[in-house]
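Residue numbers (my numbering), protein chains in the order written: chain A, 7 to 356; chain B, 9 to 431.
Data block below; observations after.
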Amino acid sequence: MKTIKTAVASVAVAGALAAVSTPTLARDTINIVGSSTVYPFATVVAERFGRNTKFPTPKLESTGSGGGLKLFCAGVGTEHPDITNASRRMKPSEFERCQSNGVKDIVEVKIGSDGIVIASSNKAENLDVNLKELYLALAKQVPDPDGGDKLVANPYKNWSDVDSSLPNKPIRVMGPPPTSGTRDAFVELAMEGGCEEVANIEELAGDKKDEVCQGIREDGAFIEAGENDNLIVQKLASDTSAYGIFGYSFLEENSGTLQAATINGEQPTQDAISSDAYPLARSLWFYVKKAHVGVIPGIPEYVGEFTSESTWGPNGYLADVGLIALPRDARVQQAKNAKAMTPMTGDELK
Amino acid sequence: MSNHEQAALVRQSLKRRYRKERRFRFYGILAIAIALAALVTLFADIIGKGYTGFIKTTMTLEVRFDPKTMYLEDATDKDAFSMADFKAPLLAALHDVVPEAGDSDDRDLGHLLSSYAANKVRDTLEADPSLLGKTQTMTFLVSDDVSVYVKHADDPNYSIQLSEKQQGWVDQLQERGIIQNSFNDVFFQNGDSRDPGHAGVLGAIVGSVLTMVVTLLLSFPIGVAAAIYLEEFAPQNKFTDFIEVNINNLAAVPSIIFGLLGLAVFINLFGLPRSVPLVGGLVLTLMTLPTIIISSRAAIKSVPPSIREAAEGIGASKMQVVLHHVLPLALPGMLTGSIIGMAQALGETAPLLLIGMVAFIVDVPSGFVDAATVLPVQIFLWAGSPELAFIERASAAIMVLLTFLIGMNALAIWLRRRLERRW
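Written out as structure tokens, the structure reads:
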């Protein structure tokens, strides 16, 4: 008999639990989604904000830039996130999607820059390449090195095959998989950038140009090492013949064991990335849903914390975790916009 | 063929057959040795990397709450309090213990302490405003750079971020006992943090417990009821065969599919909030149900028919036979199966990714609809963080998770030993 009672009791508890679960949607915590590149910066701000104000610590989900914007643009209401982070600017199509789902007023804030570095163990020979050489070393299809007017599968085995000034050792580069924002940015900045510099690429590739410029080789020279940048860092330390592609903050954290390749004559330094002189630099952003201001407590205060000089300035605490500050004028302008909560018109994206 | 000839034939092949057996045994031992070696390597790696995660590095300072340098005349004045400088007393205390540092070294000196040290000064003063103007001995966590230097100065996997000058100060403070290592209680008292020194697993443990409670309360009764019905009451026909095949198939479905289902049904359709243990528990219930149903059916099957027949013989109804006799005897097997299913669910991350439980959550959850994360997700998040000090935190969290898993499996074995009846 005892067993029956226990069984009945547990079913009852389960039923009660399901009854409690009817949506309790009022929330007082800011919900933030978006880019995994902005995540390490936004979490630091969120935690400080939680500790230093009376508001609860915002909840941050790392969904990737595209995933974040999709959730963000799904609608207005407490079940949708309030802020999304992005490691690229919102696309016009995403803006349209937001508009059609009723997310009319969106405030855009540019928070700083991040560089993509190509690094190796500091015991290895360092690399000094330009974008064209990088493209030739890593693309799936390249113009026939023996001349002729056709594209061939990448024949280069060693860096020195690409250009005699480069080290005479096999091309082995570890980088992020296609799901990663870092990979998107690398393809856009390095591969497509290098592709443009191949003089006759238009006639060689024709209308397949995008495919040719974006294709990364799959013959083992480029190794997909997973989303975890720490893994690439660890492998580089033990393997001096390989290079790795990851975000600047990982280089800074491991500056004792790693060195960065020079690209187009520029080392990835704070100044070079901030001024866009370093070719593999990108901007980081976040977007605020204006309709939620006043509904979810603390949004203006969070944005204020993020855009204060002691946070995102060159001496602010985000600089300590590897964010590269915007130039002073841009910071002032962005902070002013953010404070006034000036919504986007959509024209700035075109 | 005579007996003699037969015996000769057997003798001939005997040697070969013995050799065959010895070889077979050797392969078996080899397989076990490989499995054990893999296990030992795994544990050695995790423990070797992670034991330092259970050590915290602190600095003990004499902090003088000086009203002048803090710009605070009255600690009960709310407005003045919010404008006060809580870093100043820390810097003064640091200058006291590092007399050779000049005024220009303020930044380097301040960097020795965790970035939340000033918050501790503020909170202490807020709790006891009468401390203003007095001196108190306080213990602070050091910054993660100092912590890495103190713990891993000779480890080539860690790069030291401190300057030569700072290293000199830290060496000297350590010698004088001002910087000390002790057991990392913070690790078990806090939720997540971006400062490795302040990061803890309590939030994740509570999240895991809440999620598991939901899973257990739902999956055990439903699973057992389904198993009893299918085994004892359901008619044998095409339809029940079809259900059986489906349950067996469900047990082999990749767990991320259950996450997709949870996202579509619980969040998008029912409108439950994201990132909460309730939804996590529901999703894991779906995942654990087949395991529990299958093991419960096996437990019911293993109850000998003579028990049923004896009960029926003295006039018990079908219902009484099942509830009074079969169920109590099958329960230990059901519990074992459930605990193993729960242990599986405890280590799961993939389905939780889709329902938003992979998130940065600082506050320790206090209910089933509070945003929460779970232990394996916390490990995943820390393993991907750029700060080196998170590597040891991740390994330490793996040890905590393994402790829970081993505990649950041990409980299952103990229950089986203790309650199971052999026939």
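Using N, Cα and C, we set each Cβ at its ideal position, and we do this for glycine too.
Tell me, to the nearest whole angstrom, how far the beta carbon of residue i is from that of residue j; I am working on the premise that it is less than 8 Å.
| i | j | result |
| --- | --- | --- |
| B:G208 | B:F196 | 6 Å |
| B:S310 | B:G270 | The Cβ separation is near 33 Å, so there is no contact. |
| A:G253 | A:D235 | 6 Å |
| B:L140 | B:A96 | That belief does not hold up - the Cβ atoms of B:L140 and B:A96 are roughly 13 Å apart, past 8 Å. |
| B:L297 | B:G231 | 5 Å |
| B:D85 | B:D152 | Not confirmed; about 35 Å, so no contact. |
| A:C79 | A:E53 | Actually they are not in contact, since the Cβ atoms of A:C79 and A:E53 sit about 27 Å apart, beyond 8 Å. |
| B:V158 | B:T65 | 5 Å |
| A:D120 | A:S93 | 7 Å |
| B:I275 | B:I363 | 6 Å |
| B:E239 | B:R282 | So it is not a contact: roughly 38 Å between Cβ atoms. |
| A:M347 | A:V301 | With a Cβ gap of about 13 Å, A:M347 and A:V301 do not count as contacting. |
| A:L142 | A:V148 | 5 Å |
Give the interface partners of residue i over in chain A, defined as CB-CB distance under 7 Å, in chain order.
| i | result |
| --- | --- |
| B:I168 | G262 |
| B:S134 | Rather than Ser, the amino acid found at residue 134 of chain B in this sequence is Glu. What B:E134 touches in chain A: nothing, since even the nearest Cβ is about 12 Å away. |
| B:Y79 | Simply none; closest approach about 17 Å. |
| B:Y124 | R57 |
Just the chain B side, please: which residues come within less than 8 Å of residue i by C-beta, in chain order?
| i | result |
| --- | --- |
| A:V204 | Under the 8 Å cutoff, chain B gives no residues; its nearest Cβ is about 34 Å from A:V204. |
| A:E224 | The contacting residues do not exist; A:E224 stays about 25 Å from chain B at best. |
| A:E67 | R282, S283, G364, V366, A367, F368 |
| A:A125 | Simply none; closest approach about 12 Å. |
| A:N236 | A391, G392, S393, P394, I399 |
| A:E307 | Under the 8 Å cutoff, chain B gives no residues; its nearest Cβ is about 13 Å from A:E307. |
| A:A243 | P164, N165 |
List the DSSP bridge partners of residue i.
| i | result |
| --- | --- |
| A:W291 | A:A92, A:K116 |
| B:M146 | B:L69 |
| A:V299 | A:I302 |
| A:I330 | A:S119 |
| B:I275 | B:I275 is not bridged to any residue. |
| A:I222 | A:A145 |
| B:L121 | B:V150 |
What span of residues does the beta strand (DSSP E) with residue i cover, start to end?
| i | result |
| --- | --- |
| A:G81 | Run containing A:G81: none; DSSP gives neither H nor E here. |
| A:V39 | 37–40 |
| B:N189 | 187–191 |
| A:E67 | 65–67 |
| A:E230 | 228–230 |
In the DSSP assignment, the alpha helix (DSSP H) including residue i goes from what residue to what residue?
| i | result |
| --- | --- |
| B:S314 | 313–321 |
| A:F252 | That residue, A:F252, is in no alpha helix (DSSP H); its beta strand (DSSP E) goes 249–253. |
| A:E208 | 207–211 |
| A:F312 | 305–312 |
| A:L264 | Not the alpha helix (DSSP H): A:L264 falls in the beta strand (DSSP E), residues 264–266. |
| B:L268 | 263–270 |
| B:S303 | 285–309 |
| B:V178 | 172–183 |
| A:S244 | 235–244 |
| B:T132 | 125–135 |
| A:G56 | 45–58 |
| B:Y157 | 152–160 |
| A:P98 | 98–106 |
| A:T317 | 315–318 |
| A:S351 | For clarity, residue 351 of chain A is Thr in the given sequence; the question names Ser instead. Premise fails: A:T351 is in no alpha helix (DSSP H) and is neither H nor E. |
| B:F247 | 246–258 |
| B:T223 | 210–236 |
| A:T275 | Run containing A:T275: none; DSSP gives neither H nor E here. |
| A:E202 | 198–202 |
| A:G271 | Element bounds for A:G271: n/a, residue is neither H nor E. |
Name the chain B residues that come within less than 7 Å of residue i, Cβ to Cβ?
| i | result |
| --- | --- |
| A:V109 | Result: empty, since nearest Cβ-Cβ is about 17 Å, beyond 7 Å. |
| A:T35 | A379 |
| A:Y323 | S123 |
| A:S255 | P394 |
| A:E259 | P394, E395, L396 |
Just the chain A side, please: which residues come within less than 8 Å of residue i by C-beta, in chain order?
| i | result |
| --- | --- |
| B:N455 | Since the first residue shown for chain B is 9 and the last is 431, residue 455 of chain B is missing from the structure and cannot be characterised. |
| B:R202 | P46, T49, V50, E53, V327 |
Mind listing the chain A neighbours of residue i? Cutoff is C-beta to C-beta under 9 Å, in chain order.
| i | result |
| --- | --- |
| B:N192 | By Cβ distance, chain A contributes nothing, its closest Cβ being about 19 Å from B:N192, past 9 Å. |
| B:A235 | What B:A235 touches in chain A: nothing, since even the nearest Cβ is about 12 Å away. |
Counting only Cβ pairs nearer than 9 Å, list the residues of chain B close to residue i.
| i | result |
| --- | --- |
| A:T188 | The premise fails here: A:T188 is roughly 12 Å from chain B at the closest Cβ pair, so nothing lies under 9 Å. |
| A:T63 | G199, F368, I369, V370, D371 |
- Segments of 3+ residues assigned as beta strand (DSSP E) that fall wholly inside the segment 120–184 of chain A: 147–149, 157–159, 179–181
- Query: What are the start and end residues of each continuous beta strand (DSSP E) run of 3 or more residues lying completely inside the segment 12–84 of chain B, in chain order?
  - Reply: 63–72
- Message: Which runs of the alpha helix (DSSP H) at least 4 residues long sit entirely within the segment 338–386 of chain B? Give them in chain order.
- Response: 358–362
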